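Visitor: Using this note's numbering, the first residue of the sequence shown is number 346, and each one after it goes up by one.
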Amino acid sequence: QVQLVESGGGLVQPGGSLRLSCAASGNIFPFNLMGWYRQAPGKLRDLVAVIIADGSTNYADSAKGRFTISRDNAENTVYLQMNTLRPEDTAVYYCHAIDRGVNRYWGQGTQVTVSS
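1. Within the same chain, show all residues whose beta-carbon is closer than 6 angstroms to that of residue 450, passing over the 5 residues directly before and after it, in chain order.
2. Give me the Cβ distance between residue 458 and residue 353, rounded to the nearest whole Å; I'm assuming they're in contact under 8 angstroms.
3. What residue from 356, 433, 378 has the CA that sits closest to residue 422's CA?
4. Just to confirm my understanding: we take residue 359, look at its own chain, exclude 5 residues before and 5 after, and list those with CB closer than 8 angstroms. What are they?
5. Among 396, 401, 408, whose alpha-carbon lies nearest the alpha-carbon of residue 434?
6. DSSP three-state call for residue 406: helix, strand or coil?
7. Enumerated in chain order, which unbroken segments of the beta strand (DSSP E) with a length of 3 residues or greater are wholly contained in the segment 362-450?
8. Pick out whichever of 447, 446, 438 has its Cα sitting closest to the Cα of residue 393.
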């Protein structure tokens, strides 16, 4: 059974940084895609960043220039380095993965709160 487990969320002041990690287990082959979504209270879940198996990436406009997604296939882990955080980045961040069979998986989410 595939599992995605996020870590690294927390409370940070505006302008600060956090690094989220998502460790995957139960998959036989590397995922075709891994990424991060976020959901703020009362809002839909939105894309933050994704990384494909070949290393190509895609970012939401709000994340460009501030966030960096990376993956370690050997460790079956995807990371999200978030810099220059803003209060509007406050949300639950979810890890997402798609395997070769185009099955989708979600983590349980990790809370990120940006506040002074």
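Quick reminder that beta carbons are idealized off the backbone N, C-alpha and C, glycines included. Note that the structure is a prediction, hence the values are computed from the model and not measured.
Guide: Taking the definition as stated:
1. 347, 349, 442, listed in sequence order.
2. Contact between residue 458 and residue 353 does not hold, since the beta-carbon distance rounds to 13 angstroms and is not under 8 angstroms.
3. Of the listed residues, the one whose Cα sits closest to residue 422 is 378.
4. The beta carbon of residue 359 lies closer than 8 angstroms to those of 430, 431, 432, 459, 460, 461 in the same chain, with the five residues before and after it left out.
5. Residue nearest to residue 434 within the set 396, 401, 408 is 408 (criterion: CA-CA distance).
6. Three-state result, residue 406: coil.
7. Taking 3 residues as the shortest admissible run, the segment 362-450 contains the following complete beta strand (DSSP E) segments, listed from N- to C-terminal end: 363-370, 378-384, 391-397, 402-404, 412-417, 422-427, 436-443.
8. If we check each option's Cα against that of residue 393, 438 comes out closest.
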